[in-house]
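Chains as they are written, first to last, in our numbering: chain A, 1 to 474; chain B, 1 to 264.
From the three backbone atoms N, C-alpha and C, an ideal C-beta is built for every residue, glycine too.
Just so we're clear, the structure is a prediction, and the values are computed from it rather than from any experiment.
What follows is a single structure, written as structure tokens, with notes after it.
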Ligand code: SF4
Ligand code: SF4
């Protein structure tokens with residue numbers, strides 16, 4: 001896919017740094033996102049210590065070792081990164097981005113590198129190199145698209161993840177993410193949006209009343225139901241901002257009659273650990289486990305959210321019991337299954353506008369959720385069109401990897417990161433862009449607004465709510 | 001001269017070949033050991049083997065994935081690799097040398113096909129070299145060894161082709177043989193220690209990546225213990241501040257908008 005090059009004005013706007021110069025100087029960090037103050041003393045040495053400790057206890061070494069050996073610099077991956085397509089900057093070629101960290105590994109953690117360093121009196125890792133990594137690893141959205149295009153299987157998103165993890169251990173991580181995680185793990189509310197339980201209950205009651213009025217049937221949000229089949233965990237921000245999605249979720253359960261529950265002990269699917277820290281990843285999943293055990297549920301059900309679904313699906317077994325861990329499913333999988341079984345009825349005449357589907361990277365890339373939402377949409381949307389490329393090979397919205405939560409880099413996200421996506425959306429001419437992910441929705445809304453595209457970004461269940469019919473209705 | 005050629009055909013070839021074989025075997029086994037170790041230390045044994053397998057073979061089958069992007073480059077690159085692998089292994093002259101010295105021999109290519117593959121490999125090397133030099137993103141990625149490899153690989157092919165197909169003087173032939181033998185030996189010696197190691201490691205890439213995405217349980221805590229920071233996890237307030245001595249060094253000037261200057 002070709003992307004229009006950036007104009008000089010756009011370039012300037014996208015890369016302007018909104019931070020105060022004295023902050024940049026104080027923190028020695030010319031990056032666009034805010035970082036909390038951290039120790040600057042000997043950053044390179046501390047980076048290497050953290051790197052060594054991480055290598056010792058984790059599984060990254062095989063990948064680093066392998067990538068260092070095989071990377072052929074063949075340049076195939078250049079066609080696949082939405083960031084490079086927009087900037088054309090060699091530093092944004094995926095292979096070059098990963099090289100930042102692979103170089104450190106080769107130089108400091110392989111025998112040949114250490115020897116060569118001694119012989120040539122090469123100073124090794126410098127503070128400038130750390131600054132470059134801090135910028136580059138947050139330019140990448142960790143969308144994994146480039147992984148598909150590398151014949152040698154280099155996974156740049158894994159390297160980005162590791163790079164960010166090491167950086168976070170020396171205090172460099174976006175403040176936006178750190179603050180949310182702090183609230184989630186040790187704050188009073190225990191969730192990333194700081195929603196207190198009474199406010200949650202109010203919201204859900206209010207939504208139920210609304211639905212009763214609109215659909216004429218009781219559509220409850222069951223709370224703390226012990227022994228329910230499913231523990232429901234959406235991205236917690238849905239409770240604040242995505243009322244329509246939640247109503248769709250609840251309506252589906254009202255139609256199927258399956259037992260589900262929202263737990264007041266813990267109700268947040270968001271897990272920023274995926275974006276910068278394995279330790280956070282684990283702690284958040286353990287919170288889910290504790291709630292699932294408290295309520296004795298049988299399955300973990302994640303709402304419309306890409307990274308929440310991926311962290312639970314692919315890491316819940318890691319931290320919560322391997323093959324014996326509770327199964328994890330995504331709400332779209334659930335709805336699709338029940339619809340296939342004929343337990344959900346959809347009116348095909350409600351949605352007549354043109355609809356298209358954006359694949360959230362985290363659920364589409366592994367090939368996990370690609371066709372289910374499409375089949376559902378085709379069943380009740382008269383005018384459904386595809387975006388190309390789509391499915392597993394989709395283009396990232398430009399806000400992946402947690403960057404969407406970093407408000408201060410919005411111009412970068414909507415001018416550079418989402419550039420390819422904006423053109424794709426414009427080309428479909430769709431009225432509704434279905435983006436079943438809290439992160440994608442926020443990013444795409446900002447993207448269409450900043451790029452002057454006339455369309456509405458919705459979740460799958462938002463539309464489904466309009467089309468679902470109840471026998472008792474009317 | 002003849003002595004040098006005999007050295008190249010005998011001891012040097014044997015040395016280079018054994019070094020290559022052992023070197024490749026070593027990294028292959030090491031990689032497998034790494035994978036097994038990573039698999040063992042993680043409680044989560046759920047790996048999508050079908051996916052790993054599919055992704056692995058997809059790159060070896062010249063349909064599907066390879067052609068979707070940059071088809072011309074893909075075709076050149078594929079043919080180049082085919083020539084590179086097939087000719088040295090299955091050239092009739094090579095096979096008969098093996099048969100003479102070890103008693104083992106195997107299937108060999110008809111000479112016409114071998115010649116064609118040789119020419120293709122040569123053309124491929126040239127095109128890949130030019131592409132590296134003139135296609136901007138490729139140039140941005142390239143190190144010195146990346147330019148050197150296609151040229152070095154072309155030497156034994158070119159000399160081999162000339163020896164078979166062009167009549168040259170006896171001394172010219174000897175020179176070519178010398179170049180042929182010594183460049184081939186150099187290549188074999190370098191293979192395990194350079195990016196050409198991918199000739200044996202490429203089939204393991206997907207499985208390596210798959211196990212690397214399995215993060216061992218409890219690793220985050222152990223990392224902090226090792227660092228002596230177990231009471232300062234990254235999510236507490238000011239986790240990485242005031243742990244160490246006061247700052248002593250004067251800080252250099254940092255420009256706020258380094259990225260503005262990005263290649264325009
Ligand atoms: S993971 Fe996505 S954003 Fe990052 S380098 Fe690859 S394609 Fe680009
Ligand atoms: S496709 Fe793979 S080997 Fe080729 S340049 Fe990109 S990362 Fe490197």
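Neighbour flag for residue i against chain A, beta carbons, 8 Å
{"i": "residue 116 of chain B", "result": "no"}
{"i": "residue 230 of chain B", "result": "no"}
{"i": "residue 263 of chain B", "result": "Caution applies to residue 263 of chain B, whose pLDDT of 39 falls short of 50 and renders its modelled position unreliable; the model cannot decide the point."}
{"i": "residue 127 of chain B", "result": "no"}
{"i": "residue 190 of chain B", "result": "no"}
{"i": "residue 215 of chain B", "result": "yes"}
{"i": "residue 233 of chain B", "result": "yes"}
{"i": "residue 140 of chain B", "result": "yes"}
{"i": "residue 147 of chain B", "result": "no"}
{"i": "residue 71 of chain B", "result": "no"}
{"i": "residue 96 of chain B", "result": "no"}
{"i": "residue 59 of chain B", "result": "yes"}
{"i": "residue 206 of chain B", "result": "yes"}
CB contact check: residue i to chain B, cutoff 8 Å
{"i": "residue 394 of chain A", "result": "no"}
{"i": "residue 359 of chain A", "result": "no"}
{"i": "residue 319 of chain A", "result": "yes"}
{"i": "residue 50 of chain A", "result": "yes"}
{"i": "residue 93 of chain A", "result": "yes"}
{"i": "residue 153 of chain A", "result": "yes"}
{"i": "residue 171 of chain A", "result": "yes"}
{"i": "residue 185 of chain A", "result": "yes"}
{"i": "residue 178 of chain A", "result": "yes"}
{"i": "residue 462 of chain A", "result": "no"}
{"i": "residue 323 of chain A", "result": "yes"}
{"i": "residue 374 of chain A", "result": "no"}
{"i": "residue 10 of chain A", "result": "no"}
{"i": "residue 65 of chain A", "result": "yes"}
{"i": "residue 62 of chain A", "result": "yes"}
{"i": "residue 315 of chain A", "result": "yes"}
{"i": "residue 76 of chain A", "result": "yes"}
Short CB-CB distance (under 8 Å) between residue i and chain C
{"i": "residue 329 of chain A", "result": "In the displayed structure, chain C is absent; the protein chains listed are A and B."}
Near ligand 1: residue i beta-carbon under 7 Å from a heavy atom
{"i": "residue 97 of chain A", "result": "yes"}
{"i": "residue 28 of chain A", "result": "no"}
{"i": "residue 82 of chain A", "result": "yes"}
{"i": "residue 116 of chain B", "result": "no"}
{"i": "residue 132 of chain A", "result": "no"}
{"i": "residue 358 of chain A", "result": "no"}
{"i": "residue 477 of chain A", "result": "Given a span of 1 to 474 for chain A in the structure shown, any question on residue 477 of chain A remains unanswerable."}
Helix, strand or coil at residue i [DSSP, three-state]
{"i": "residue 232 of chain A", "result": "strand"}
{"i": "residue 451 of chain A", "result": "coil"}
{"i": "residue 168 of chain B", "result": "coil"}
{"i": "residue 525 of chain A", "result": "Nothing in the structure corresponds to residue 525 of chain A, since chain A is present only between 1 and 474."}
{"i": "residue 385 of chain A", "result": "strand"}
{"i": "residue 296 of chain A", "result": "coil"}
{"i": "residue 431 of chain A", "result": "coil"}
{"i": "residue 56 of chain A", "result": "helix"}
{"i": "residue 458 of chain A", "result": "strand"}
{"i": "residue 233 of chain B", "result": "coil"}
Contact test: residue i Cβ vs ligand 2 heavy atom, cutoff 7 Å
{"i": "residue 71 of chain A", "result": "yes"}
{"i": "residue 74 of chain A", "result": "yes"}
{"i": "residue 346 of chain A", "result": "no"}
{"i": "residue 94 of chain A", "result": "yes"}
{"i": "residue 150 of chain A", "result": "yes"}
{"i": "residue 77 of chain A", "result": "yes"}
{"i": "residue 141 of chain B", "result": "yes"}
For residue i, the first and last residue of its enclosing beta strand (DSSP E)
{"i": "residue 102 of chain B", "result": "Not the beta strand (DSSP E): residue 102 of chain B falls in the alpha helix (DSSP H), residues 92-102."}
{"i": "residue 354 of chain A", "result": "351-357"}
Whether residue i touches residue j by CB criterion (8 Å)
{"i": "residue 422 of chain A", "j": "residue 447 of chain A", "result": "yes"}
{"i": "residue 236 of chain A", "j": "residue 195 of chain A", "result": "yes"}
{"i": "residue 262 of chain A", "j": "residue 206 of chain A", "result": "no"}
{"i": "residue 276 of chain A", "j": "residue 171 of chain A", "result": "no"}
{"i": "residue 112 of chain A", "j": "residue 242 of chain A", "result": "no"}
{"i": "residue 97 of chain A", "j": "residue 136 of chain A", "result": "yes"}
{"i": "residue 32 of chain A", "j": "residue 420 of chain A", "result": "no"}
{"i": "residue 130 of chain B", "j": "residue 154 of chain B", "result": "no"}
Unbroken alpha helix (DSSP H) run spanning residue i, endpoints
{"i": "residue 207 of chain B", "result": "205-212"}
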